[in-house]
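K.L.:
Plus 885 on top of the position in the sequence shown (first one is 1) and you've got the numbering used here.
Got a structure here, written out as structure tokens. Questions coming.
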Amino acid sequence: MEAVVLAGGKERRALRELGGKPLISYVLEALLASRYISKIYVVGDGLPLPENEKVVSLPEGKNFIANLIKGVENCQGEYVLVSSADLPFLTPSAVDKFIEKATPLKADFAYPTVSREVFQQKAPGIDKTFVKLREGRFAGGNVVLLSRDFVLRKRQIIEKAYGIRKSPLKIAFFLGLEFFLRFLLQQIGIPVLPLKQVERLMSRALKGNIRSVLVNYPHLSADIDDEEDLRWARGRLKHSPPILE
């Protein structure tokens, strides 16, 4: 299986230093040590990449979706693992476990889901946004398994979904009337959305098979968005291990 690391963009999160090295180094080390990843395409300019024949540099495009498409186009095979470049606690074990759980689902888009309880136990103090569902509160991950064909065929729908990702109200409209009504109920404290129903509604909106992969390790979700996250990560580096398996 081949992987794409999205490291472009104005924020340059991939170059933020932690423990004496840029964040992207942690991600590449984990992917290179994975049992399943044969080649890694890194989309981004001016990055400190290792001299390794498995790592291929690609120039970044005009936006996130263009970078995603460029990376996926270069990959071979049915499925592509896509990761952000700001996951300092990513481990080969977490990557492999996710691939092993996600691949049998035969999904067009498989994403990891981590409960708030797991974060509280294994990564206490991290600043994450959790979505309230019937089963509890969950955060998504920054490593996903995608069908190559799905990404290339559904580019316009993916662009639309990405464009509204920060607006819960727009997302509710995008997912349809049923989701919108349930969204309104949830705003007044009624957690009526079960995880499986969210999967079904997302599948319908994106015209594909969208699946959540419940995992009990936060490595795939502990990204570094800002200085507060960096301070948290520096503190976690003092622990051994920084995030428990």
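Glycine included, every Cβ here is placed at the ideal spot set by N, Cα and C.
(1) The beta strand (DSSP E) that contains residue 924, what's its start and end?
(2) Judging by CA-CA distance, which residue of 1091, 888, 1029 and 1030 is the nearest neighbour of residue 1044?
(3) Quick one: Cα of residue 907 to Cα of residue 965, how far?
(4) Kindly list the residues whose CB is nearer than 7 Å to the CB of residue 969, restricted to its own chain and excluding five residues on each side of it in sequence; keep chain order.
(5) Cβ atoms of residue 1105 and residue 1020: under 8 Å apart, would you say?
(6) Spell out the partners DSSP gives residue 1023 in its beta bridges.
(7) Could you give the residue range of the alpha helix (DSSP H) that holds residue 915?
(8) Under a three-way DSSP split, which group does residue 1084 fall into?
(9) In the DSSP assignment, find the unbroken beta strand (DSSP E) run with residue 950 in it and report its ends.
(10) Answer yes if the segment 979 to 991 comes into contact with the segment 902 to 922, meaning at least three C-beta pairs across the two stretches below 8 Å, and no otherwise.
(11) State the DSSP-derived secondary structure class of residue 1091, mapped to helix, strand or coil.
(12) Can you tell me which of the three DSSP states residue 903 falls into?
(13) Consult DSSP for residue 1107 and reduce its assignment to one of helix, strand or coil.
(14) What distance in whole Å lies between the Cβ atoms of residue 887 and residue 960, which are believed to be in contact at a cut-off of 8 Å?
(15) Consult DSSP for residue 1030 and reduce its assignment to one of helix, strand or coil.
(16) Which residue's Cα is closest to the Cα of residue 929: 939, 955, 1116 and 904?
(17) Quick one: what's got a C-beta closer than 7 Å to residue 1095's C-beta in the same chain, skipping five residues either side?
(18) Using beta-carbon positions only, say whether residue 854 and residue 971 come within less than 8 Å of one another.
(19) For residue 1110, count the other beta carbons within 10 Å of its own beta carbon; 16 or more makes it buried, fewer makes it exposed. Which is it?
(20) To the nearest angstrom, how far is the alpha carbon of residue 1066 from that of residue 1022?
(21) Is residue 1096 helix, strand or coil by DSSP?
(22) For residue 1008, which of helix, strand or coil comes out of DSSP?
P.N.:
By the coordinates alone:
(1) 924 to 928
(2) 1091
(3) 24 Å
(4) 891, 1027 and 1108
(5) no
(6) 1000 and 1016
(7) 908 to 917
(8) helix
(9) Residue 950 -> not in any beta strand (DSSP E); alpha helix (DSSP H) instead, spanning 949 to 959.
(10) yes
(11) helix
(12) strand
(13) coil
(14) 4 Å
(15) strand
(16) 955
(17) 992, 993, 994, 1084, 1087 and 1088
(18) Nothing about residue 854 can be read from this structure; the chain reaches only from 886 to 1130.
(19) exposed
(20) Caution applies to residue 1066, whose pLDDT of 49 falls short of 50 and renders its modelled position unreliable; the model cannot decide the point.
(21) strand
(22) coil
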